[in-house]
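Enquirer:
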Amino acid sequence: MDKQIAQALQRLFERHRIVFWNDTNRELRSDFDALKLAGVEKIELTNNEFGVKYRILREQPEDRFLLYREG
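Take 213 as the starting number for the sequence shown in the numbering used here and just add one per residue.
Okay, here's the thing in structure tokens:
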């Protein structure tokens, strides 16, 4: 499963620099924690949305991000 997730995310990052991962049922947390994608910074959204938005749009406008939210 991890390999399939990583491949799907790599395809998304070929076209987008910001990808959202919404884990509604909280089933894939361990996959997110174990995931390593070259050139992609993982960020967990935990009541810090404004700070994250500022960071990805103003401070690091060229970098790629995987934004994860549980629930």
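Even glycine gets a Cβ: it sits at the ideal position worked out from N, Cα and C.
DSSP puts Lys-254 in a beta bridge; with which residues?
Expert: Taking the first residue of the sequence shown as position 1, residue 254 is located at position 42. Lys-254 pairs with Leu-278.
Enquirer: When you compare only the Cα positions, how much space is there between Phe-262 and Arg-227?
Expert: Taking the first residue of the sequence shown as position 1, residue 262 is located at position 50. Taking the first residue of the sequence shown as position 1, residue 227 is located at position 15. Rounded to the nearest angstrom, the two C-alpha atoms are 24 Å apart.
Enquirer: Going by DSSP, what residues sit across from Phe-232 in a beta bridge?
Expert: Within the sequence shown, residue 232 is the residue found at index 20, counting from 1. For Phe-232, which the question treats as bridged, DSSP gives the partners Leu-279.
Enquirer: Using a threshold of 9 Å, state whether the C-beta atoms of Glu-282 and Asp-245 are closer than that.
Expert: Residue mapping note: residue 282 aligns to position 70 of the sequence shown, counting from 1. Residue mapping note: residue 245 aligns to position 33 of the sequence shown, counting from 1. Not closer than 9 Å, so no.
Enquirer: Could you give the distance in angstroms between the alpha-carbon of Glu-274 and the alpha-carbon of Glu-239?
Expert: Within the sequence shown, the letter at position 62 stands for residue 274. Within the sequence shown, the letter at position 27 stands for residue 239. Each residue's alpha carbon lies about 30 Å from the other.
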